[in-house]
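Engineer: Structure in structure tokens, see below.
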């Protein structure tokens, strides 16, 4: 029934970036292997190679001791390798049954679907989760009407309906509630007995210790550790994930606890944020950490008024209710997005157009262009943007310079509160350095900054305090001596670690 | 039935609202035209509407798949030109058969051109099919520069006949419905709805999205040719602009019938009802003695009302919920 997979010395390059330099993974029939790694470690690249979504540059993939080369995901599927991601592959308008059986529907001899058989077999699959889901989850329910957890369950059942021999669960428990996870783990145990090999990618330490037999850790593109669960500990795993434990926290400015609170948040709920409370002081640089997708972006978007939210938010002790970014902007809040090409810049317009985009209202009617140009010129000079003229198209700028434009358009408004959503992703080292000194200047002039970064080093070096988010809640507040890499990683995984 | 079940049924059978509209429209029409349900009236109305009904079958499939075909009217014109020039008043069944084959071939070829551009070259369907419509019209003009042709009366007699007391055209409509219902239960139909509903998810699941999109244009080309057949048989002549108005009418009928332009849901039954509604509205206007200079406006207002109706209901429900 199951199969054995051996991925050996996998190398994958994306242009100039080496995503994997030595990826290894072994799974055999009937066992659960946890695949662990920090943000950007290369573990999702490895799973993509195993499922045939991308091809490796070097290395070998052995299925049942036979060399395999996948040119397309369907080739991997044919061998029985199926992956479950987070509800990426469901069609909202079609029913649960239709989605589960899509491309392998039971048919009659003359090509007609056996609707009743689809429904009954879907019900059998759904019954695997009976008691943990509401009555809305029946074979005829349209996917669009289901809750995220229910949709995730349909994704899992869809994979199972294909009778896989190797099942990869990639963060599949993220939207499931406690009961559903318990049931899933019971099912995983039966699947193990049936001989299915399972790879369990997760960032929840507690779950890994519950369900996995072995674990493999990837760090910086290399597989560094592989061990049976009973022979390892949480501390050891964290150590493997981050490398040598650097216990000394970076030098910080003194935590300005005495200064007034600029932003107070109580019980904020929005998107994947489930009740966050925090305080941000004047001129403080507060970091948001944790693995990706734990609510950091939604928290920032909610504070900027870009998504609906509940809870209390007070700016300078005045309650505010931002329903639209415009409301936030009028209170001096600025937001720098993470994906600058889709969220931060008008790529086909000039540097001037981008820098002045939020501020045209200040230039009267008709627009006082000379003033706009001179203001933008001084801003560009302060930011040290490398350009030949303000009329250059922003798409011709390098990543680092483009990010300065994104930041620049907000700085020109002299914000009181700056929200940064992973702004240095894909920015070169030199530009990062300039970015950091800009942030330092901002703090000197009194701006408070809330800074989410997926780069742990960056957080540790820059921030006075870091709030680590896990599953939409704050799992730890790290400051002073407690602000070190080991604690950061531990809190990201939802565990306690005090070094 | 709980609210949820009701909502589900309404979503699943998207033509129900159109059916309601149709009933209302028929009642109004009946009040103005007493002989609406007489056999001869029905036969005549159906004979007028059948070409558009055949046309919307293809358009519905394209729209469900997430695209749109603005060249269908031109394909009808092209088919009409071919048929009018190849079927004479004394044509033999052999000639007729050959002419029909040629026309269907032309329709399919037009579909191949549209399909290649949209599915494989990834060009925008709206702009592409608008452009190809000029190509097809141009070819039609080459074949038939001036109105003409004299198609054998025998075909028209068949077209207007009433075998077993039921109009031939009605038999054709029933045939279309049966074919649709059979086709709806195939794996291809699942692929079609998946491709139109969420193409990325479909691709991820292994649906051959490009091929499905390509195939939808083949269908609209074929049904365009068949619509030309129905039209030519009934008018018995060819004319360079005969299909022009049918393009937009087909889109309106599809939307009236409950199929969304964004794709992924809907069906042919609704579109057929949409065509009938358009015909009934036009009847109402002429029987209500609306002055001719008002007719276009009134016609358009009624159609807009029918299109906007569901949207307004949704807005009202949202406002109540808040």
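Residue numbers (the working numbering), protein chains in the order written: chain A, 78 to 576; chain B, 9 to 330. No residue lacks a Cβ here, since even glycine has one placed at the ideal position from N, Cα and C.
Measuring CB atoms only, is the stretch 283–295 of chain A touching the stretch 125–142 of chain A, in the sense that at least three cross pairs come out at less than 8 Å?
Structural biologist: The answer is no - the stretch 125–142 of chain A does not touch the stretch 283–295 of chain A, with fewer than three Cβ pairs under 8 Å.
Engineer: Which term fits residue 71 of chain B, buried or exposed, when burial requires 16 or more other beta carbons within 10 angstroms of its beta carbon?
Structural biologist: Buried is the call here.
Engineer: So does the stretch 187–202 of chain B actually touch the stretch 271–284 of chain B, counting three or more Cβ pairs closer than 8 Å?
Structural biologist: Short answer: they touch.
Engineer: Please confirm whether residue 76 of chain B and residue 134 of chain B have their CB atoms less than 8 Å apart.
Structural biologist: In this structure, residue 134 of chain B lies closer than 8 Å to residue 76 of chain B by Cβ.
Engineer: Would DSSP call residue 81 of chain A helix, strand or coil?
Structural biologist: Coil.
Engineer: Quick one: what does DSSP say residue 330 of chain A is sitting in, helix, strand or coil?
Structural biologist: Any answer about residue 330 of chain A is weak, because its pLDDT of 48 lies below 50 and its placement is not dependable; what the coordinates show is given next. It is coil, neither helix nor strand.
Engineer: As an exercise, report each continuous alpha helix (DSSP H) stretch of at least 4 residues that is fully enclosed by the stretch 100–135 of chain A, in chain order.
Structural biologist: If we require 4 residues or more, the alpha helix (DSSP H) runs fully inside the stretch 100–135 of chain A come out as 120–127.
Engineer: For a test of the three-state rule: what should DSSP assign to residue 21 of chain B, helix, strand or coil?
Structural biologist: It is coil, neither helix nor strand.
Engineer: Which residues mark the beginning and the end of the beta strand (DSSP E) in which residue 615 of chain A is found?
Structural biologist: In this structure chain A extends from 78 to 576, so residue 615 of chain A is not present and cannot be described.
Engineer: Which partner residues does residue 280 of chain A have in the DSSP bridge list?
Structural biologist: Partner(s): none; residue 280 of chain A has no beta bridge.
Engineer: Let's test the definition: count the other Cβ atoms within 10 Å of the Cβ of residue 271 of chain A and tell me whether it reaches 16, buried, or not, exposed.
Structural biologist: Classification for residue 271 of chain A: exposed.
Engineer: What does residue 243 of chain A pair with, by DSSP beta-bridge criteria?
Structural biologist: Paired residues: A/158 and A/274.
Engineer: Does residue 463 of chain A pass the burial test, meaning 16 or more other C-beta atoms within 10 Å, or should it be called exposed?
Structural biologist: By the 10 Å Cβ count, residue 463 of chain A comes out exposed.
Engineer: Please state if the CB of residue 167 of chain B and the CB of residue 57 of chain B are separated by a distance shorter than 8 Å.
Structural biologist: No, they are not a contact pair.
Engineer: I need the boundaries of the beta strand (DSSP E) containing residue 396 of chain A, first residue and last residue.
Structural biologist: 395–397 is the extent of the beta strand (DSSP E) around residue 396 of chain A.
Engineer: How long is the line joining the alpha carbons of residue 237 of chain B and residue 22 of chain B, rounded to whole angstroms?
Structural biologist: Each residue's alpha carbon lies about 29 Å from the other.
Engineer: Just list the residues that DSSP pairs residue 363 of chain A with in beta bridges.
Structural biologist: Beta-bridge pairing links residue 363 of chain A to A/527 and A/542.
Engineer: Can you tell me whether residue 184 of chain A is helix, strand or coil according to DSSP?
Structural biologist: Looking at residue 184 of chain A - three-state DSSP - the assignment turns out to be strand.
Engineer: May I ask you to verify whether the stretch 491–499 of chain A touches the stretch 402–418 of chain A, counting CB pairs closer than 8 Å and requiring at least 3?
Structural biologist: At 8 Å Cβ cutoff, the stretches touch.
Engineer: I want to verify the contact list: residues of chain B whose CB lies under 8 Å from the CB of residue 154 of chain A, in sequence order.
Structural biologist: Within 8 Å Cβ-Cβ: 214.
Engineer: How would you list, in chain order, the residues of chain A whose beta-carbon sits under 7 Å from the beta-carbon of residue 206 of chain B?
Structural biologist: Here the neighbours are 168 and 169.
Engineer: Suppose the cutoff is 6 Å on Cβ atoms and the five residues either side in sequence are ignored; what does the same chain contact list for residue 125 of chain B look like?
Structural biologist: Answer for residue 125 of chain B: 131 and 136, listed in chain order.
Engineer: Quick one: Cα of residue 454 of chain A to Cα of residue 467 of chain A, how far?
Structural biologist: Each residue's alpha carbon lies about 7 Å from the other.
Engineer: Closer than 8 Å, CB to CB, is residue 246 of chain B near chain E or not?
Structural biologist: The chain inventory of the structure shown lacks chain E, comprising the protein chains A and B.
Engineer: Counting only Cβ-Cβ distances shorter than 8 Å, please list the residues of the stretch 183–197 of chain A near chain B, keeping chain order.
Structural biologist: Taking 8 Å as the Cβ-Cβ cut-off against chain B, the residues of the stretch 183–197 of chain A that qualify are 184, 188, 189, 190 and 192.
Engineer: When you check each C-beta in the stretch 258–276 of chain B against every C-beta of chain A, which residues fall closer than 8 Å?
Structural biologist: Answer in chain order: 272 and 273.
Engineer: So with Cβ pairs under 8 Å, would you call residue 329 of chain A a contact of chain B?
Structural biologist: Model confidence at residue 329 of chain A stands at a pLDDT of 45, short of 50, so the residue's coordinates are unreliable; what they give is reported in the following sentence. Answer no: the Cβ-Cβ gap between residue 329 of chain A and chain B never drops below 8 Å.
Engineer: Between which two residues does the beta strand (DSSP E) containing residue 494 of chain A stretch?
Structural biologist: It spans 494–498 - the beta strand (DSSP E) in which residue 494 of chain A sits, taken as one unbroken run.
Engineer: Does the beta-carbon of residue 45 of chain B have 16 or more other beta-carbons within 10 angstroms, so that it is buried, or is it exposed?
Structural biologist: That one is exposed.
Engineer: If the cut is a Cβ gap below 7 Å, which residues of chain B does residue 180 of chain A touch?
Structural biologist: By Cβ distance, chain B contributes 213, 214 and 215.
Engineer: Among the residues of its own chain, which have a CB less than 8 Å from the CB of residue 433 of chain A, if the five just before and after it don't count?
Structural biologist: Cβ within range, chain order: 440, 449, 452, 453, 486 and 489.
Engineer: For residue 534 of chain A and residue 562 of chain A, what's the separation of their Cα atoms in angstroms?
Structural biologist: Distance between the alpha carbons of residue 534 of chain A and residue 562 of chain A: 8 Å.
Engineer: According to DSSP, what are the bridge partners of residue 355 of chain A?
Structural biologist: DSSP, once it has assigned bridges, lists A/342 as partnering residue 355 of chain A.
Engineer: Can you pull the DSSP bridge partners for residue 246 of chain B?
Structural biologist: In the DSSP output, where bridge partners are listed per residue, residue 246 of chain B has B/156.
Engineer: When you check each C-beta in the stretch 296–314 of chain B against every C-beta of chain A, which residues fall closer than 7 Å?
Structural biologist: Cβ contacts with chain A come from no residue of the stretch 296–314 of chain B.
Engineer: From the DSSP output, which residues share a beta bridge with residue 98 of chain A?
Structural biologist: Its beta-bridge partners do not exist; DSSP assigns none.
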